[in-house]
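Per this note's numbering, residue 904 is the first one in the sequence shown, and the count goes up by one each step.
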Amino acid sequence: MPLYREDNYLVVHPGSQNTLFSFGLQDSLSPPQYKIPSRVFQDPVTKAFRSTKEEPKPKAEPAKVEEPKIEEGQAKIEIQNGQTTAAQNGGSVEAQAPLTGSEKPWTEIYPIQKGKIVDLDAFNYLLKVILQSVITKNPIITINQIPLLIISSNLTWSRNTTESVTKYVLESLEFPAFNLVDLSTAATFGLGISTSSCVVNIGHENTQIMPVINYQSIKFAGKYLSDVGGKLIDEEISKNLPKLSESQIEALKKSGIYEVVLTGDESSFYSISDLQKSNVEDGINGSEDDDDFDVAKLVADSGPGNEAQAVTDHDDSKPNNELEKNFFVDPETNEKVWVGKERFQGAENLISLVANAIYKSISQIPNLEKRQECFDNLIFVGSTFKIPGFKRALLIRLITEYLVRAPTDTKNGGYNKDEENLSRVNAAILAYQQTGDSSADVEESNYISSQVPTSIKTVKLPDYFPEWKKPKEKGGSWEDVYFLGGEIYAKQIFGGNSNHNGEMFIDNDIYEEKGPSGIWDVTV
């Protein structure tokens, strides 16, 4: 009999802006059940925390006072909570609700910033809020029945932070079993195609890149990019469309009409016409993940529940990238906001920085065979990859800049730099479209070149896990695949009938023996 029921597993991923968590694993592992803001509120005087900015006010009930006989015109006086109230001619008197807490506004605190825990007390309280919400919703469950798994980051969680969280979880919250798993390792678990990969996690204000070899994150090769994330796109959109507010920019990014389809400017590394021409001439449909980039399909599938519509009133047959203007709906005013071709710009800088960091990170793997495996199993996670075309543009940039190609004969005639650049781009697009065809590199797989990479691919998505395969607007999201890996890992470590000599998770017995440092004997 297992030590813990799968119905009681608590899996949590705390992020800088939002925290994802699920309580209880379904028969078919599903995306996270809950998404809450990663914030708490603190009283500036008492330093106490709470989960909401304003505490619910108790309803004032009429005071039960025996009415004495009062002569007409005589005033009735009651003293309640130190305050005097008067009623003339038999008027009613109500009890005044007492003032509670500080009169100063409570301070909003985000305990995780740029992927790092900056306020440990606030973070611990966030965990407490999650536990309280679970127990409130499941009153028959007791804390000694709930094992906890946190999906963390080896790049940003320090040793001291990890041990402090372990201490709080076991001593204060009294969880009976606890463990951590690195996000990059969890993402590799989730897809389950290869034991080696390179996980690229783009957040709002940071990007983390971590190679994984044999299910072990290689921290020395990891890259942490501060202030490089979705915020860069916001800043570029603000420059191109200065009249948009922050909430409108966020709505534009989520609307489906904002795409990473670089226009035919000189600064672009490929144009829409080049891309369309290459697709027609080559006649290749692309990899299995092309649904992320099929704008026409995205427009056709957009339902009434979307945050903004991706079609225009005058012509709903054309895909978004063929329209001069398109609109999204302002979430505050519910009015249409029309946007021109500026909706295709803003991601170039982020793509360039991330592509360069990916190459530098994987290049630090000394084993060439494992290095190539990382290039062949790129895993992209984070909300930024939900932007149509972003994943494709990043992969094409990697192929264009860093793919090692066999030397070719020079063309007859003079040297033409523009033709060479166009040839490189079209070759990169062709290589991208062939990433799903394993037969294209059978010969290369039989030996390891002295130069890497000879191919660059995203990992193939599994055919199972139907809940994760749903369209984005219906709850499916491979960009959160690390959470799926966390669920799989939780089943492995909490599903046994014993703790296997303390190798699977840290419990009270191990904690009493080793203290918070015992977490390092069980975490991966």
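Yeah, the Cβ is synthetic: ideal placement off N, Cα and C, and Gly gets one too.
How should threonine 1110 be labelled, buried or exposed, when 16 other C-beta atoms within 10 angstroms of its C-beta is the threshold for buried? As a first step, residue 1110 is located in the sequence shown; it is residue number 207 there, counting from the start. That one is buried.
Cutoff 8 Å; reference asparagine 1047; Cβ partners in own chain excluding five residues on either side: Start at 1 with the first residue of the sequence shown, and residue 1047 comes out as number 144. Closer than 8 Å at the Cβ level, and outside the excluded window around asparagine 1047, lie Glu1077 and Pro1079.
Straight-line gap, phenylalanine 1386 to isoleucine 1033 (C-alpha atoms, nearest Å): As a first step, residue 1386 must be located in the sequence shown, where it is residue number 483. As a first step, residue 1033 must be located in the sequence shown, where it is residue number 130. About 17 Å.
Segments of 4+ residues assigned as alpha helix (DSSP H) that fall wholly inside the region 1228-1307: As far as the region 1228-1307 is concerned, its whole alpha helix (DSSP H) runs of at least 4 residues are 1251-1266, 1271-1279 and 1293-1305.
What residue range does the beta strand (DSSP E) around proline 940 cover? One-based indexing of the sequence shown puts residue 940 at position 37. Element bounds for proline 940: 937-940.
Given that a residue counts as buried once 16 or more other Cβ atoms are within 10 Å of its Cβ, and exposed if not, what is leucine 1241? As a first step, residue 1241 must be located in the sequence shown, where it is residue number 338. Note on residue identity: the sequence assigns tryptophan, not leucine, to residue 1241. Exposed, because fewer than 16 other Cβ atoms sit within 10 Å of the Cβ of tryptophan 1241.
Among the candidates Ser1075, Ile1422 and Ser954, whose CA atom is the shortest distance from the CA of glutamate 1011? Looking up residue 1011 in the sequence shown gives position 108. Here the closest residue by C-alpha is Ser954.
Please state whether the Cβ-Cβ distance between asparagine 1057 and glycine 1125 is less than 9 Å. Sequence index remark: in the sequence shown, residue 1057 carries index 154 (1-based). Sequence index remark: in the sequence shown, residue 1125 carries index 222 (1-based). Cβ atoms of asparagine 1057 and glycine 1125: closer than 9 Å.
Report yes or no: do the region 1350-1369 and the region 1396-1404 share at least 3 C-beta pairs separated by less than 8 Å? no
Report the start-end ranges of each beta strand (DSSP E) in the region 1020-1088 that is 3 residues or longer and not cut off at the edges. Complete beta strand (DSSP E) runs here, min 3: 1050-1055 and 1080-1085.
Please classify tyrosine 1385: does DSSP put it in a helix, a strand, or coil? On the sequence shown, position 482 is the one that residue 1385 refers to. Tyrosine 1385 sits in a helix when the DSSP states are folded into three classes.
For my contact list, valine 1037 and phenylalanine 926 are in at a C-beta cut-off of 8 Å; report their separation, rounded to the angstrom. As a first step, residue 1037 is located in the sequence shown; it is residue number 134 there, counting from the start. As a first step, residue 926 is located in the sequence shown; it is residue number 23 there, counting from the start. Yes, valine 1037 and phenylalanine 926 are in contact; Cβ-Cβ is about 5 Å, under 8 Å.
So what does DSSP say about threonine 1091, is it helix, strand or coil? Residue numbering aside, residue 1091 sits at position 188 when the sequence shown is read from its first letter. The DSSP-derived three-state label of threonine 1091 is helix.
Taking DSSP as the reference, what is the three-state secondary structure of glutamate 974? Within the sequence shown, residue 974 is the residue found at index 71, counting from 1. Any reading at glutamate 974 must be qualified, since the residue scores a pLDDT of 45, below 50, and its modelled position is unreliable; the value itself is stated next. In the structure shown, glutamate 974 sits in coil (DSSP, three-state: anything other than H, G, I, E or B).
So what does leucine 1128 bridge to, in DSSP terms? Reading the sequence shown from its first residue, position 225 is the one you call residue 1128. Per DSSP, Thr1110.
So phenylalanine 1408 and valine 1425 are in contact, right, with Cβ under 8 Å, and what is the actual spacing, rounded? As a first step, residue 1408 is located in the sequence shown; it is residue number 505 there, counting from the start. As a first step, residue 1425 is located in the sequence shown; it is residue number 522 there, counting from the start. Contact flag correct, Cβ pair sits at about 5 Å.
Excluding the 5 residues flanking arginine 942 on each side, which residues of the same chain have their C-beta closer than 7 Å to its C-beta? Stepping through the sequence shown from its first residue, residue 942 is reached at position 39. Cβ neighbours of arginine 942 beyond the five flanking positions: Glu1011, Ile1012 and Tyr1013.
Under 9 Å between C-beta atoms of glycine 1405 and alanine 1089: Translated into positions along the sequence shown, residue 1405 becomes position 502. Translated into positions along the sequence shown, residue 1089 becomes position 186. Result no, Cβ atoms of glycine 1405 and alanine 1089 do not sit closer than 9 Å.
At which residues does the beta strand (DSSP E) containing glutamine 945 begin and terminate? On the sequence shown, position 42 is the one that residue 945 refers to. Its beta strand (DSSP E) spans residues 943-945.
Exposed or buried, what is asparagine 1229 when buried is set at 16 or more other beta-carbons lying within 10 Å of its beta-carbon? Counting from one through the sequence shown, the residue named residue 1229 turns up at place 326. Buried, since its Cβ has 16 or more Cβ neighbours within 10 Å.
Restricting to Cα atoms, I'd like to know which of Phe1278, Glu1370 and Lys1373 is closest to lysine 1360. To locate residue 1360, count along the sequence shown from 1; it is residue 457. Nearest of Phe1278, Glu1370 and Lys1373 to lysine 1360, Cα basis: Phe1278.
Residue environment, aspartate 948, which counts as buried when at least 16 other CB atoms sit within 10 Å: Stepping through the sequence shown from its first residue, residue 948 is reached at position 45. Here the sequence assigns valine to residue 948, which means aspartate is not the residue at that position. Residue environment analysis places valine 948 among the exposed positions, since fewer than 16 neighbouring C-beta atoms fall within 10 angstroms of its C-beta.
Taking just the CA atoms, how far does alanine 1154 sit from glutamine 1248? As a first step, residue 1248 is located in the sequence shown; it is residue number 345 there, counting from the start. As a first step, residue 1154 is located in the sequence shown; it is residue number 251 there, counting from the start. Near 16 Å, if we compare the C-alpha coordinates of alanine 1154 and glutamine 1248.
State the Cα-Cα distance for the pair asparagine 1420 and threonine 1069, rounded to the nearest angstrom. In the sequence shown, the residue the question calls residue 1420 occupies position 517. In the sequence shown, the residue the question calls residue 1069 occupies position 166. In the sequence under discussion, the amino acid at residue 1420 is serine, which differs from the asparagine named in the question. Roughly 8 Å between the two C-alpha positions.
When you compare only the Cα positions, how much space is there between lysine 1017 and glutamine 920? Taking the first residue of the sequence shown as position 1, residue 1017 is located at position 114. Taking the first residue of the sequence shown as position 1, residue 920 is located at position 17. Answer to the nearest angstrom: the Cα atoms are 9 Å apart.
Hey, quick one: how far does the beta strand (DSSP E) through serine 1100 stretch, first residue to last? Along the sequence shown, read from residue 1 onward, the residue named residue 1100 stands at position 197. Run containing serine 1100: 1100-1105, per the beta strand (DSSP E) assignment.
Contact set for glycine 1243: own chain, Cβ-Cβ below 8 Å, skip 5 residues either direction: Mapped onto the sequence shown, residue 1243 falls at position 340. Excluding sequence positions up to five before and after glycine 1243, its CB lies within less than 8 Å of the CB of Glu1227 and Lys1228, all in the same chain and listed in chain order.
Can you tell me whether DSSP reads leucine 1135 as helix, strand or coil? Within the sequence shown, residue 1135 is the residue found at index 232, counting from 1. Helix, per DSSP.
First through last residue of the alpha helix (DSSP H) which encompasses glutamate 1158: Taking the first residue of the sequence shown as position 1, residue 1158 is located at position 255. Looking at the sequence shown, residue 1158 is not glutamate but serine. Element bounds for serine 1158: 1149-1158.
Residues in its own chain within less than 8 Å of serine 931 by CB, not counting five upstream and five downstream? If you number the sequence shown from 1, residue 931 lands on position 28. So the list reads Phe1368, Pro1369 and Glu1370, once near-sequence residues are dropped.
Please return the same chain residues whose Cβ sits closer than 8 Å to the Cβ of isoleucine 1307, not counting the five positions on each side in sequence. Taking the sequence shown and counting its residues from 1, the one referred to as residue 1307 is at position 404. Per the sequence shown, residue 1307 should be read as valine rather than isoleucine. Cβ neighbours of valine 1307 beyond the five flanking positions: Ser1352, Gln1354, Val1355, Pro1356 and Thr1357.
Whether leucine 1051 touches phenylalanine 1081 by CB criterion (9 Å): For this step, residue 1051 is matched to residue 148 along the sequence shown. For this step, residue 1081 is matched to residue 178 along the sequence shown. A contact, by the Cβ cut-off of 9 Å.
Through-space distance from glutamate 909 to leucine 928, alpha-carbon basis: What you label residue 928 is simply residue 25 of the sequence shown in a count that begins at 1. What you label residue 909 is simply residue 6 of the sequence shown in a count that begins at 1. One C-alpha to the other measures close to 6 Å.
Put serine 1420 into one of helix, strand or coil per three-state DSSP. For this step, residue 1420 is matched to residue 517 along the sequence shown. Correct three-state label for serine 1420: helix.
Span of the beta strand (DSSP E), counted from its first residue to its last, around proline 1369: Working through the sequence shown from its first residue, we reach residue 1369 at position 466. Element bounds for proline 1369: not the beta strand (DSSP E) but the alpha helix (DSSP H), 1369-1372.
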